[in-house]
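J.: Let me begin by handing over the structure; questions about it come next.
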């Protein structure tokens, strides 16, 4: 549309093409020329001019500021992803540790029950896989 404006003039542009030209151009004179004679396009021109003078809007187009903003957003995303992965890994490790502790506690309880029923340290060691030393320690605490 901008190419057509410069080569053929504003009279050859459709209304939609005029809007595109107004959105793309960085020249106030082009905004004035394209919007001239159309009340709605002139209001649109005023909006564009107002936004062009707004420091907040201008800041959005400052390359260094935008790059810094994008970099900080990327770092925050990476940090959040890292935390999420760390939590998931921690939960998995905790679950595995809990299962191991539960198995060990079950073997100890089984050994205690077998000791109470009078089974030998050797037999209990074979059945539970616990060392005779551990079983003797349990025996002294019963």
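In full-length UniProt numbering, the protein residues as written are 1 to 142. Ideal Cβ placement from N, Cα and C applies to all residues, glycine included.
With respect to the alpha helix (DSSP H) encompassing residue 31, which residues constitute its N-terminal and C-terminal limits?
T.: Where residue 31 is concerned, the enclosing alpha helix (DSSP H) stretches over 28-35.
J.: So with Cβ pairs under 9 Å, would you call residue 50 a contact of chain D?
T.: Here chain D cannot be found, since the structure has a single protein chain.
J.: Do you know whose CA, among 76, 41, 79, 132, lies nearest residue 16's CA?
T.: Among 76, 41, 79, 132, the Cα nearest to that of residue 16 is on 41.
J.: State the start and end residues of the unbroken alpha helix (DSSP H) segment that holds residue 47.
T.: 39-52 is the extent of the alpha helix (DSSP H) around residue 47.
J.: Could you give the first and the last residue of the continuous alpha helix (DSSP H) run that contains residue 108?
T.: Looking at the DSSP string, the run of the alpha helix (DSSP H) that includes residue 108 is 63-116.
J.: Based on Cα-Cα distance, which residue from 96, 68, 10 lies nearest to residue 29?
T.: Residue 29 has its Cα closest to that of 10, out of 96, 68, 10.
J.: Enumerate in chain order the residues of its own chain whose CB-to-CB distance from residue 2 is below 6 Å, with the five nearest sequence positions on each side excluded.
T.: Cβ within range, chain order: 21, 24.
J.: Please go through the same chain and pick out, in chain order, the residues whose beta-carbon is closer than 8 Å to the beta-carbon of residue 107, but skip the five residues on each side of it.
T.: Excluding residues within five positions, the ones whose Cβ falls inside 8 Å are 128, 129, 130.
J.: Rounding to the nearest angstrom, what Cα-Cα distance links residue 139 and residue 99 in this structure?
T.: Distance between the alpha carbons of residue 139 and residue 99: 25 Å.
J.: I need the boundaries of the alpha helix (DSSP H) containing residue 7, first residue and last residue.
T.: Per DSSP, residue 7 belongs to the alpha helix (DSSP H) from 2-8.
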